[in-house]
Amino acid sequence: MFLFANQVKPTLFQKLQRRQKSCKMIKWESESEREKAEEIMKLGYMSTDESDKEDVEEDGLLTHLNLLRTLPRTWESVAVTSLKRKLDFNFATNCSVASANAQLPRKVSKNKQSSAPIPKSAPAWTIKLD
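Convert by adding 1334 to the 1-based position in the sequence shown; the result is the number in my numbering.
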């Protein structure tokens, strides 16, 4: 079955759009860093998110927090992870209050990883060396 871009899992497509917007806003330290960031602006590099809940106690009150648990890619290099964090941080610090409020908190899963394959023709720098 063929999926149009807006039919991809909504959170993946939204994550890609946020990072693309952030990529254009950042003042990159070097042209090569910007080029690397643009290289990973594809759905195949976006980590999968799963809905989750977490109990949080604050001032003696127990509440249930809805969040997204990010499943890290087993093959992803530290360089890719660092670039994605930089893009996400830039978006979070520069987006509107409405956009910030629309985002569910995210936590990286420590117990589960994504089984997504390495994108075809992925550059060597994007793949973790074992």
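Every residue gets a Cβ at the ideal spot worked out from N, C-alpha and C, and that includes glycine.
The model shown is predicted, which means the values in this text are computed figures rather than measured ones.
Exercise. Mapping DSSP to helix, strand and coil, what is residue 1397?
Worked result: Secondary structure of residue 1397 (DSSP, three-state): strand.
Problem set entry | Bridge-paired residues (DSSP) for residue 1410 | 1461
Problem set entry | When 1357, 1356, 1459 and 1447 are compared against residue 1404, the one with the closest alpha-carbon | Nearest to residue 1404 by alpha-carbon distance, out of 1357, 1356, 1459 and 1447, is 1447.
Exercise. In or out: residue 1410 buried (at least 16 other Cβ within 10 Å) or exposed?
Worked result: It counts as buried.
Problem set entry | N-terminal and C-terminal residue of the alpha helix (DSSP H) that residue 1371 is part of | Residue range 1365-1373 is occupied by the alpha helix (DSSP H) that includes residue 1371.
For this session: Tell me whether residue 1427 is buried or exposed, calling it buried when 16 or more other Cβ atoms sit within 10 Å of its Cβ.
Result: exposed
For this session: Measuring alpha carbon to alpha carbon, tell me which of 1369, 1355 and 1373 ends up nearest residue 1453.
Result: 1373
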